[in-house]
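Read through the structure below, which is laid out as structure tokens, and then see the notes.
In the numbering used here, the protein residues as written are 109 to 417.
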């Protein structure tokens, strides 16, 4: 465990909590925002201010080894972990967040107004590294954050539908990386047979009383196939939004994929159009060319697109 902690810290991750199974990391967009720059696409799409958003995970463990993942694969099991409680995690997370922000206080390039605002974060994006639904206390963790007034974004790979049924984030994302079992196993290298569980999670998502998103990460030459099949799977989840984004040739993924596997924004837009052509009641709503992502939205959801924060 200590070796993994050192390796993650060298890559800019801040592990926190008594048992060091959780992490946060200031993203590129936080750094830009703190210098007066623009927000990430979550700001454009949903109204999330990057300097008031904490990106974190309650567990560094994952049950997949996706070829497009730019994070390191952590070779640990749940048996190696003693779990911190939700209250302990939240207290440690906010303390670590303040420590990260302290580094901006002495810089001439820091936007002082945004620094003050960043000290009172509004959003927690549970999506940094690992699979959050492995953390056994995730429902209580999200409930406590919600009760404190934060909006919560949860990103899951869909392998734990039982946990998905129990959580109530502000916005729930399910990553759909392939249109069929064979391609899923080739891309995600799961540690068990999870395809049917992902199909169950699609059905579960449709019943959640929260904002729902299907996220597709497209890898050129690998999974940019069968847009009509993607559409059928997406229909099962009845999401409010669909994010179709490009694989980015970064980090550890460079050991497994080539730069040519990164589709252009135009290719993402074109493939998204093919998916939408097979979906009733959805339309392309927005896009971010710099992030190579296109937002699709339910046509009856336009007045609820932006978060009230």
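Yeah, the Cβ is synthetic: ideal placement off N, Cα and C, and Gly gets one too. Just so we're clear, the structure is a prediction, and the values are computed from it rather than from any experiment.
Check	Outcome
Do residue 373 and residue 365 come within 9 angstroms of each other at the CB atom, strictly closer than that value?	no
With distances taken Cα to Cα, identify the nearest neighbour of residue 281 among 233, 110 and 251.	233
Does the distance between the C-beta of residue 289 and the nearest non-hydrogen atom of the ligand FMN fall short of 8 angstroms?	With respect to the ligand FMN, the structure shown offers nothing to examine, as it has no ligands at all.
Could you name the residues of the same chain whose beta carbon sits closer than 8 angstroms to that of residue 222, not counting the 5 residues immediately before and after it, in chain order?	141, 142, 144 and 159
Does the Cβ of residue 172 have 16 or more other Cβ atoms within 10 Å, making it buried, or fewer, making it exposed?	buried
Under a three-way DSSP split, which group does residue 227 fall into?	coil
Restricting to runs no shorter than 4 residues, where is the alpha helix (DSSP H) found entirely within the stretch 247 to 323?	269 to 274, 289 to 296 and 303 to 315
Do you know how far the Cα of residue 170 is from the Cα of residue 335?	27 angstroms
Which same chain residues, not among the five before or five after residue 415, have their C-beta less than 6 angstroms away from its C-beta?	154, 155 and 259
Near residue 274, what residues of its chain come up, given a Cβ to Cβ distance below 8 angstroms and the 5 sequence neighbours on each side ignored?	246 and 247
Below 9 angstroms between beta carbons: does that hold for residue 405 and residue 349?	yes
Tell me the DSSP secondary structure of residue 113 in three-state form.	helix
I think residue 326 touches residue 376, with their Cβ atoms under 8 angstroms apart; what is that distance to the nearest whole Å?	6 angstroms
Within a Cβ cutoff of 6 angstroms, which residues of the same chain sit near residue 319, ignoring the five residues on either side of it in sequence?	279 and 348
Please list the terminal residues of the continuous beta strand (DSSP E) segment that includes residue 162.	161 to 165
Answer with buried or exposed for residue 310, where buried requires no fewer than 16 other C-beta atoms within 10 angstroms of its C-beta.	buried
By the DSSP assignment, the alpha helix (DSSP H) with residue 370 in it spans what residues?	Where residue 370 is concerned, there is no enclosing alpha helix (DSSP H), given that its DSSP letter is neither H nor E.
For residue 292 and residue 302, I'd like the C-alpha separation in whole angstroms.	9 angstroms
Curious, which full-length beta strand (DSSP E) runs of at least 3 residues does the stretch 112 to 153 contain?	122 to 124 and 130 to 132
Within its chain, find whatever has a CB closer than 7 angstroms to the CB of residue 285; leave out the 5 residues flanking it on each side and keep chain order.	174, 292, 295, 296, 325 and 331
Less than 6 angstroms between C-beta atoms, sequence neighbours within five positions excluded: which residues of the same chain meet that for residue 399?	149
For residue 377, does the three-state DSSP call read helix, strand or coil?	helix
Can you list, in chain order, the residues of its chain with a C-beta nearer than 7 angstroms to that of residue 316? Leave out the 5 residues immediately preceding and following it.	280
Where residue 436 and residue 367 are concerned, what is the direct C-alpha to C-alpha distance, given to the nearest angstrom?	Residue 436 falls outside the range modelled here, since the chain spans only 109 to 417, and no answer is possible.
Measuring CA to CA, which of 135, 199, 137 and 179 is closest to residue 363?	179
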